[in-house]
Amino acid sequence: MSQQLIKLAEQTSMKTEIPKFEIGDTVDVHCEILEGEKKRIQIFSGVVIARSGSGTREMFTVRRIVQGEGVERKFPLHSPRIAKIEVTRSAVVRRAKLYFLRDRVGKAVRLKERRVERVATAKAKPKRRGRKQRNTTA
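Take the sequence shown: its letters are residues 33 to 170, numbered as in the working numbering.
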């Protein structure tokens, strides 16, 4: 009974419009920042190096390089302070956590981009059968 109540309470505070993103994707996280009485949106863009937790407690870690220093920030996925999350690039990774990027510098930090399959709209040329004929009228 108590677990059902907890699930119900969690479902009411979960966001529904979260985009699908994975480890290795480059994302722009739009955060609400309070400065005095003013609210503004700050964009933190970087590579998602980890995801953890589940439900309302799900977190993700974003890493980027600022002036030669690595900056990591952990965000709660269902936080009301996050206005939106945009996926700008997808990468092919073979790990669940990309903590090895902390030790890398420069071009070594780059990840291989994931190719999106495109549906062919034009008709393919028909294959030629047999050998190509030479022009012998010379």
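Yeah, the Cβ is synthetic: ideal placement off N, Cα and C, and Gly gets one too.
Note that the structure is predicted; figures quoted are calculated from it, not measured.
Cβ-Cβ distance between residue i and residue j below 9 Å
| i | j | result |
| --- | --- | --- |
| E64 | I117 | no |
| V59 | T120 | yes |
| K144 | V124 | yes |
| I50 | R83 | no |
| E90 | H110 | yes |
Whole-angstrom distance between residue j and residue i, CA atom to CA atom
| i | j | result |
| --- | --- | --- |
| V137 | I97 | 9 Å |
| M46 | G87 | 8 Å |
| R126 | K70 | 42 Å |
| R142 | V94 | 14 Å |
Continuous beta strand (DSSP E) stretch holding residue i: start and end
| i | result |
| --- | --- |
| K52 | Neither: K52 is in no beta strand (DSSP E) and is coded neither H nor E. |
| V94 | 91-98 |
| H62 | 58-67 |
Unbroken alpha helix (DSSP H) run spanning residue i, endpoints
| i | result |
| --- | --- |
| A41 | 34-45 |
Segment contact flag, the stretch 128-136 with the stretch 69-78, C-beta cutoff 8 Å, min 3 pairs: no
Report yes or no: do three or more beta-carbon pairs, one from the stretch 99-106 and one from the stretch 41-58, lie closer than 8 Å? no
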